[in-house]
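Residue numbers (the working numbering), protein chains in the order written: chain F, 580 to 926; chain L, -17 to 484.
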């Protein structure tokens, strides 16, 4: 990567990666990720530095990847979605309940589950856009209703009997000796990156978040795309729920809400890296694993179980704070460059 | 007689960039003093240095002969009697006028509780002192913008300010509101208080100000009485180069009509017939409630067409939203670029192509090179495709917004208030770009209450009052004074000082 200052007027551009400072800022989280792995590996070589441990960390976090990347869709258009954790819980419980309690075929259960999640995303969108309820309130409400429904149809107990092998195979197998869930995660990151960065619809989503009125005045179908964002978020949470249910071989009614914090922490922390100042899929994935490595590493060096929650909280506030700070620094640098360019052009 | 304000040899640098290299400003008691200069000339830095936000690196600031300390802050400036009224209102919109005054002046108390009758009396006193009639019990959000500025001024004076600094107070006001504001300012000056007036509109400077100080590149160009300067000399001082006032081109003869409307009726606009030919720049003007902006909104699908028919290129045209209007070939430069036009935290390239139309994939390299070419063509400074829009000055941000629409190949362009908050050099660039678009065959509608802009840019103009057409002016008959005369003929409206709306 070039760290040599360029002499063209373009060099003054606020393109972060073109200076050493910008490069470190942009890839800070990636560097931290590898640094933490090295640190914990040095501290606990026999347990941390093992294939099993890494595989465990990576596979377990796929559901968080799905929830967090789902979450960035509403975040990009400027809305919050607090139902993400509850939707994961709803998805896994509904899918397992349809298979084991209702006796439906696996494929049909999955299709119905995803359809239900998509519909719930549209309910979020409807409450926010049609009834003009603040998205924080609307999605919190929907999430809690879902939690109640899950407790109702599971009876508050773990569903683990009569789960067929076909269903377990979704997450159980490997491809090229890599566990299937890791492929699912990688596929999602690639697709989300392409949609957000290389398709016009991605630009339109960021435009809505950047200035909703301006987006409307350039002919962007603002309402439809915000609807779609809530739908995408809920759909991906449903997928995440199915993947984790298949991995656990059961449905756990209490599981959903525990994914809310990791998803938010990762989405906000992810906005500090790869494309700083912007919610982005690759950055979110890096954030998911950085936080996961911290949690796993701390557990292995003997930090008690409650540390996890503290890590997520700190990551969330830290991510937001750092992101604001970076944006601020970038603006200041750009303004300085601009003044300099202006003076040079007059001299 | 000692000067009210005497700022001498003010220097200020931000990082390596020198913003002020020894600028001075002196204002006499009772004087209205204009501070002019292009964006980046150092006007706002000088004002900030005087306000102490932050204080200058070096220099002396005397208020009535007494120096402010070298590291003075806003509190010391306020205590010395300096008040700063910015474009962005410092009033709290959700509470009433009297509460806004009490919140800085202190709530009068009775038996330890707020004495609301005294709050009302003091607010009335403050407003009466500058001769405006505004209901102190009205919520600020309900007041027209002109009235908000006068409330801010009244509040500053109630706090015993002796020198007011007004930063582009007329930027979003119509002609009538400007007149009311100026009347209040003249009364304030007549009492012996001083005013520093920052504006990009030269006619206002000639109309209102006793003296003018011009800054360029962080230093003084000179101070003079406006009466001693021709307009051209003054513009030359501001820009440092001779700007020729290009007269509008003659109306394109017998070109095909792009837009024709019959019996066009909106919520304000009543039964209007008009047609615009390709290559024509047509003005829509009047006071702020004339309905001229509404016509543009109707053509872009933002306001309902209640009655009447329009044809665009011979085809029936009634857009139900911006997407339909754009598809039919209409472009729309909105009146407030920050609220309606640009995403400040996105790059110039992204703002130029905010809604990328054709093509399955975005081609980043092609976008960037197209953006670079557009930025050069529209003389955006600096022309950096990756810079964030939020870092641009008003004039350059406006050029980006204009570039988006003028390069879109639209047949009909609706351009609202294009030079609000834009310095003179950038304004000429913007006018040139609009003329170029018209010359290339676009029909352009200019909607604004800035009569000078209509005179400079348009070959024909419709003057409206409350939705009714008063006059259609063209060619040599289209001047600021003929527009004003057409409006003066509108006797139905009593000219009153700004007040709360009914």
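We put the CB at the ideal spot given by N, CA and C, even for glycine.
Fair warning: this is a prediction, and the values are worked out from it, not measured in the lab.
Can you list, in chain order, the stretches of the alpha helix (DSSP H) that have 4 or more residues and sit fully within the stretch 16 to 61 of chain L? DSSP runs (the alpha helix (DSSP H)) wholly in the stretch 16 to 61 of chain L: 25 to 33, 56 to 61.
Against residue 528 of chain F, what residues of chain L qualify as contacts under a CB-to-CB distance less than 7 Å, listed in chain order? Shown here, chain F extends from 580 to 926; a query on residue 528 of chain F therefore has no answer.
By DSSP, does residue 753 of chain F sit in helix, in strand, or in coil? For residue 753 of chain F, the secondary structure class from DSSP, reduced to helix, strand or coil, is strand.
Just to make sure I have the definition right: I need the residues of chain L whose C-beta is within less than 7 Å of the C-beta of residue 913 of chain F. Which are they? Going along chain L in sequence order, the residues near residue 913 of chain F (Cβ under 7 Å) are 369, 370, 373.
With a threshold of 8 Å (Cβ to nearest heavy atom), would residue 146 of chain L be considered close to the ligand MG? Ligands in the displayed structure: none, and consequently the ligand MG is not present.
For residue 343 of chain L, which of helix, strand or coil comes out of DSSP? Residue 343 of chain L falls in the coil class under three-state DSSP.
Can a CB atom of chain L be found closer than 9 Å to the CB of residue 856 of chain F? Yes, residue 856 of chain F lies at the interface with chain L (some Cβ there is under 9 Å from its Cβ).
If you measure from the beta carbon of residue 326 of chain L to each beta carbon in chain F, is any gap under 9 Å? For residue 326 of chain L, the nearest CB of chain F lies under 9 Å from its own CB, placing it at the interface with that chain.
Is it true that the stretch 240 to 254 of chain L meets the stretch 402 to 417 of chain L, where meeting means three or more beta-carbon pairs spaced less than 8 Å apart? No: fewer than three Cβ pairs fall under 8 Å.
Go ahead and label residue 714 of chain F buried or exposed: buried means 16 or more other beta carbons lie within 10 angstroms of its beta carbon, across all protein chains shown. Burial call: buried.
Could I get the ranges of all uninterrupted beta strand (DSSP E) runs contained in the stretch 208 to 291 of chain L, with 3 residues as the minimum, in chain order? Counting only runs of 3 or more, we get 239 to 247, 254 to 259, 263 to 268.
Can the beta-carbon of residue 836 of chain F be found less than 9 Å from the beta-carbon of residue 647 of chain F? The criterion of a C-beta distance shorter than 9 Å is not satisfied by residue 836 of chain F and residue 647 of chain F.
Please report whether the beta-carbon of residue 906 of chain F lies at a distance below 9 Å from any beta-carbon of chain L. Contact with chain L is found for residue 906 of chain F, since one of that chain's Cβ atoms lies less than 9 Å from the residue's Cβ.
Please state whether DSSP places residue 398 of chain L in a helix, a strand or coil. Residue 398 of chain L: strand per DSSP, three-state reduction.
For residue 118 of chain L, three-class secondary structure by DSSP: Reduced to three states, the DSSP call for residue 118 of chain L is coil.
Would you mind stating whether residue 328 of chain L and residue 18 of chain L have Cβ atoms separated by less than 9 Å? Contact flag unset, no.
Whole beta strand (DSSP E) elements within the stretch 404 to 463 of chain L, 3-residue minimum: Fully contained in the stretch 404 to 463 of chain L are the following beta strand (DSSP E) runs of length 3 or more, in chain order: 425 to 429, 442 to 447, 450 to 456.
Taking 6 Å as the limit between beta carbons, can you name the residues of its chain near residue 287 of chain L, skipping five residues before and five after? So the qualifying residues of the chain are 280, 300.
Can you name the residues that DSSP bridges to residue 297 of chain L? Partner(s): L:294.
Taking C-beta pairs closer than 8 Å, name the residues in chain F that residue 323 of chain L reaches, listed in chain order. Simply 790, 793, 796.
Determine which residues share a DSSP beta bridge with residue 758 of chain F and list them. In DSSP, residue 758 of chain F forms a bridge with F:753.
Please list, in chain order, the residues of the stretch 63 to 96 of chain L that have any C-beta partner in chain F closer than 9 Å. Residues of the stretch 63 to 96 of chain L that bring their beta carbon within less than 9 Å of a beta carbon in chain F are absent altogether.
Where does residue 66 of chain L fall in DSSP's three states? The answer is strand: DSSP assigns residue 66 of chain L an E or B state.
Would you please verify whether the beta carbon of residue 777 of chain F is less than 9 Å from any beta carbon of chain L? Yes, residue 777 of chain F lies at the interface with chain L (some Cβ there is under 9 Å from its Cβ).
C-beta neighbour in chain F for residue 344 of chain L, strict 9 Å: So yes, residue 344 of chain L belongs to the interface.
Alpha carbon to alpha carbon, what distance is there between residue 158 of chain L and residue 475 of chain L? With a pLDDT of 39 at residue 475 of chain L, under the threshold of 50, the modelled position of this residue cannot be trusted; read the value that follows with caution. Using only the alpha carbons, I get a separation of about 11 Å.
By how many angstroms is the C-alpha of residue 869 of chain F removed from the C-alpha of residue 625 of chain F? So the two alpha carbons sit approximately 20 Å from each other.
Quick one: Cα of residue 605 of chain F to Cα of residue 865 of chain F, how far? Annotation: residue 605 of chain F to residue 865 of chain F spans about 12 Å, alpha carbon to alpha carbon.
Confirm, please, whether the CB-CB distance from residue 819 of chain F to residue 616 of chain F is below 9 Å. The Cβ-Cβ distance between residue 616 of chain F and residue 819 of chain F does not fall below 9 Å.
Just to make sure I have the definition right: I need the residues of chain L whose C-beta is within less than 8 Å of the C-beta of residue 918 of chain F. Which are they? Within chain L, the residues near residue 918 of chain F are -4, -1, 1, 22.
Helix, strand or coil for residue 830 of chain F, going by three-state DSSP, please let me know. Three-state result, residue 830 of chain F: strand.
9 Å is my cut-off, CB to CB: does residue 186 of chain L come that close to chain F? No, residue 186 of chain L does not count as interfacial toward chain F.
Relative to the alpha-carbon of residue 191 of chain L, which residue among L:165, L:20, L:201 has its alpha-carbon at the smallest distance? Considering only alpha carbons, the answer is L:165.
Name, in chain order, the residues that DSSP records as bridge partners for residue 96 of chain L. DSSP, once it has assigned bridges, lists L:91 as partnering residue 96 of chain L.
Which stretch, first to last residue, makes up the alpha helix (DSSP H) that contains residue 863 of chain F? Segment 860 to 879, the alpha helix (DSSP H) holding residue 863 of chain F.
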